[in-house]
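Note that full-length UniProt numbering gives residue 340 to position 340 of the sequence shown, counting from 1, and the numbers run on in steps of one.
Here a beta-carbon is modelled for each residue, glycine too, at the ideal position from N, C-alpha and C.
This one's a predicted model, so the numbers in the text were calculated from it and none came from an experiment.
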Amino acid sequence: MAVNGTRQFIIESGGSLSGTFQVPGDKSISHRAVMLGAIAEGGTEVSGFLEGDDAMATLAAMRALGVSIEGPHAGRLRIAGVGRHGLKPAAAALDLGNSGTSMRLFSGLLAGQRFATQLVGDQSLMRRPMRRVTEPLSQMGAMIQTAAQGTAPLSIEPAAALRGIDYSMPVASAQVKSALLLAGLYAEGRTRVTEPAVSRDHTERMLQAFGADVAVDGPHVSVTGDAPMEAAAVSVPGDISSAAFFLVGASIAGGGSITLTHVGLNPTRTGVIDILRRMGARIHVEADETDAGEPVGTLTVEPAALQGIDIPPELVPLAIDEFPTIFIAAACATGVTTLRGAEELRVKESDRIAVMAEGLTALGIEAEPLADGIRIVGGAMHGGAVQAQGDHRIAMAFAMAGLAADGAITIDGCAEVDTSFPGFVELAQGAGLRIRSQESAA
Ligand SMILES: O=C(O)C1=C[C@@H](OP(=O)(O)O)[C@@H](O)[C@H](O)C1
Ligand SMILES: C=C(OP(=O)(O)O)C(=O)O
1 MAVNGTRQFI IESGGSLSGT FQVPGDKSIS HRAVMLGAIA EGGTEVSGFL EGDDAMATLA
61 AMRALGVSIE GPHAGRLRIA GVGRHGLKPA AAALDLGNSG TSMRLFSGLL AGQRFATQLV
121 GDQSLMRRPM RRVTEPLSQM GAMIQTAAQG TAPLSIEPAA ALRGIDYSMP VASAQVKSAL
181 LLAGLYAEGR TRVTEPAVSR DHTERMLQAF GADVAVDGPH VSVTGDAPME AAAVSVPGDI
241 SSAAFFLVGA SIAGGGSITL THVGLNPTRT GVIDILRRMG ARIHVEADET DAGEPVGTLT
301 VEPAALQGID IPPELVPLAI DEFPTIFIAA ACATGVTTLR GAEELRVKES DRIAVMAEGL
361 TALGIEAEPL ADGIRIVGGA MHGGAVQAQG DHRIAMAFAM AGLAADGAIT IDGCAEVDTS
421 FPGFVELAQG AGLRIRSQES AA
């Protein structure tokens, strides 16, 4: 768990959200744009890039691997692609900060290089499980080692040759799938990955846009390194995971209505809309044109009387990062909400089940952590002090709870909000949330 943040949010109770806004660029797509742009042939132009710490860690790592990247300037990047075999050894270990996506995707991309690399991160990232990528990569012939507990630092040594494998993933993880597909670009033969449930498909879509030899057939995705990868323009839509805080905030507020434009609406990411609608949320979706292979649209939300539900397990991977904020909706709903089949939440930036249950309890809500989920009884939310434990999504989820609480909420450990949502406080203030941010005594 990251506890290096000393930033504190204070949210006065009440208020409402209104206005029209655009949230920053999608984090998952931003990582992939830098990685694929770097190993393509030619110059890749990216717009809408997320200038948050996680995507910036990927960008800095690519620069350390010898790739020239101009920007970001107002979300624009120009990447001078070096081709699949053009990366150079980094002078030092690559520090990927708080970003699980960077570490897992780089482990696949770097496993097939002719040089060694070390991958490290912050306190939180150094505790997250990495065998889920290193084991299948080793089956492909990669020379990759974790620390004894299966965590980073990861040491990647040059492998004689990678070979394609046929791998059934035990968990529905887009990070594992993407790591293997990226390694597959360097392997002999075809690399085929089978998912137990649908997870986000940005890697497949972007590989297609860059001309790679990728095939999707139901739960199977496969790739070879045979086709040349050509530079492509990438337009990054707004991050639905960032929009989610406002979907919940506007639903639980006492009035107002909010419109979010140019949000990514890839169907492998919209589980949060389905779950909130099942709870009674009033979310209007207007689809726009697909932009550079990713569906986008406008979302309008107004307050609604929410009801507790049993969250369908098949929606879990489609809303995996949105559960902290969905739990706030559940706390404000009438009745009981139960989530099962979501043990993955225990190995994110924090143990999101334990940390959310503690915070909800501190605000007077009955929240029972389960091994693979949580049971939340909706009720009156009070003011109080909660700990975000350095987890960006937990900090922003509890910030929105201020709209429904009957007293002020103080949240400690909020510094990591910049990993996914730079400008969150300013955007939320502009929409009407009575939030302020200050440095707290460590
Ligand atoms: O591939 C990605 O960009 C991501 C995949 C998800 O992780 P898992 O693949 O581990 O579920 C998600 O939680 C993370 O924020 C981003
Ligand atoms: C889990 C997350 O990201 P990552 O795995 O990239 O750290 C997240 O952003 O909620």
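Asked: Closer than 7 Å: SER13 CB and nearest ligand 2 heavy atom; Found: no
Asked: Cβ pair ALA329, MET279 closer than 8 Å; Found: yes
Asked: ILE273 to ILE374 span [Cα, whole Å]; Found: 19 Å
Asked: Reduced DSSP secondary structure (H/G/I, E/B, other) of PHE9; Found: strand
Asked: Proximity test, ASN98 beta-carbon vs ligand 2 heavy atom, cut-off 7 Å; Found: yes
Asked: Between the CA atoms of LEU65 and ARG163 - distance to the nearest angstrom; Found: 23 Å
Asked: Backbone CA spacing between ARG190 and VAL336 [nearest angstrom]; Found: 47 Å
Asked: Where GLN438 sits in the DSSP three-state scheme; Found: strand
Asked: Endpoints, alpha helix (DSSP H) assigned at ALA91; Found: ALA91 -> no alpha helix (DSSP H), and no H or E assigned at all.
Asked: Check whether ASP406 and GLY384 have beta carbons under 8 Å apart; Found: no
Asked: Contact belief for VAL236 with VAL46 at Cβ below 8 Å, rounded distance in angstroms; Found: 7 Å
Asked: Proximity test, ASP53 beta-carbon vs ligand 2 heavy atom, cut-off 7 Å; Found: no
Asked: Sequence-distant residues of its chain with Cβ nearer than 6 Å to ARG114 (five each side left out); Found: PRO158
Asked: Chain-order list of residues whose beta-carbon lies under 8 Å from that of SER440 (same chain, five-residue window excluded); Found: THR6, ARG7, GLN8 and ASP412
Asked: GLU195 Cβ short of 7 Å to ligand 2 heavy atom set; Found: no
Asked: Cβ-heavy atom distance, ARG352 to ligand 1, below 7 Å; Found: no
Asked: From GLU314, ARG340, GLY112 and ILE376, residue whose alpha carbon lies closest to that of THR224; Found: GLY112
Asked: Nonlocal neighbours in the same chain, by C-beta distance under 8 Å from ILE365, ignoring five residues either side; Found: ALA331, ILE376, VAL377, GLY378, GLY379 and MET381
Asked: Selected residue, minimal CA-CA separation from LYS27, among GLN389, SER241, ALA401 and SER16; Found: SER241
Asked: Where GLN22 falls: helix, strand or coil (DSSP); Found: coil
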